Amino acid sequence: MQIVTQTAFTPWASLGGGILIGLSAVMVMALFGRIVGIAGISQGALGGIVPLQGAARDRDWRWAFLLGLVAAPLAILAFGGSVVQTVPQNLPAMGIAGLLVGVGTALGSGCTSGHGVCGLARLSGRSLAAVATFMAAGFVTVFVIRHVVGGL
2 MQIVTQTAFT PWASLGGGIL IGLSAVMVMA LFGRIVGIAG ISQGALGGIV
52 PLQGAARDRD WRWAFLLGLV AAPLAILAFG GSVVQTVPQN LPAMGIAGLL
102 VGVGTALGSG CTSGHGVCGL ARLSGRSLAA VATFMAAGFV TVFVIRHVVG
152 GL
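Read left to right, the sequence shown gives residues 2 to 153 (our numbering).
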């Protein structure tokens with residue numbers, strides 16, 4: 002796995018992205034009374050395809066939200082912009098990482114977007130604990146991969 006660290010300072014792009022994330026969270030709460038958490042949105046959307054316990058019945062907006070996540074970078078490309086994405090070429094490591102993220106999401110009762118964006122904004126103690134755990138696990142993982150294992 003080749004580790005590429007991009008450190009370009011992009012304050013305007015970051016501000017714009019943050020505004021759009023916040024706006025989407027407010028819109029979903031105002032329109033549907035739901036919290037924007039990609040794990041919950043995905044589970045609710047997939048409930049119509051795969052029988053999941055407690056799957057939501059309001060799948061239309063969930064699919065629209067997920068399609069918007071895919072369509073946004075395509076729209077940027079269509080208007081002449083560029084989208085830079087680095088993906089490690091070590092498929093087993095990516096599979097293990099995805100599995101660990103999924104287990105962590107299930108154990109934490111939500112993902113970083115649900116807890117970090119919406120939960121913290123609602124001053125949720127559970128979300129504060131979840132975000133602290135996410136961040137600590139991320140710090141430890143980066144340290145281990147870069148300094149103990151040696152970059153895999």
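Where is the CB? At the ideal position from N, CA and C, for every residue including glycine.
Fair warning: this is a prediction, and the values are worked out from it, not measured in the lab.
Return the CA-CA distance between residue i and residue j, expressed in angstroms with no decimal places.
i, j, result
"Val27", "Leu108", "26 Å"
"Phe66", "Met30", "13 Å"
"Gly81", "Ala73", "13 Å"
"Thr11", "Leu32", "31 Å"
"Val102", "Ala79", "31 Å"
"Ala46", "Gly19", "24 Å"
"Cys119", "Leu21", "13 Å"
"Gly96", "Thr87", "16 Å"
"Val71", "Ile77", "11 Å"
"Trp62", "Gly23", "17 Å"
"Arg60", "Val149", "44 Å"
"Val104", "Cys112", "10 Å"
With a CB to CB cut of under 6 Å and the five nearest residues on each side skipped, what residues in its chain are close to residue i?
i, result
"Ala131", "Gly109, His116"
Enumerate in chain order the residues of its own chain whose CB-to-CB distance from residue i is below 8 Å, with the five nearest sequence positions on each side excluded.
i, result
"Gly34", "none"
"Leu121", "Ser128, Leu129, Val132"
Is it right to say residue i is buried, meaning 16 or more other beta carbons lie within 10 angstroms of its own, or is it exposed?
i, result
"Ser1", "Past the edges of the chain, shown from 2 to 153, lies residue 1, and the structure says nothing about it."
Report the residue from the options whose alpha carbon sits nearest the alpha carbon of residue i.
i, options, result
"Ser114", "Thr134, Ile39, Gly69", "Ile39"
"Ser125", "Ile146, Thr87, Ile36, Thr142", "Ile36"
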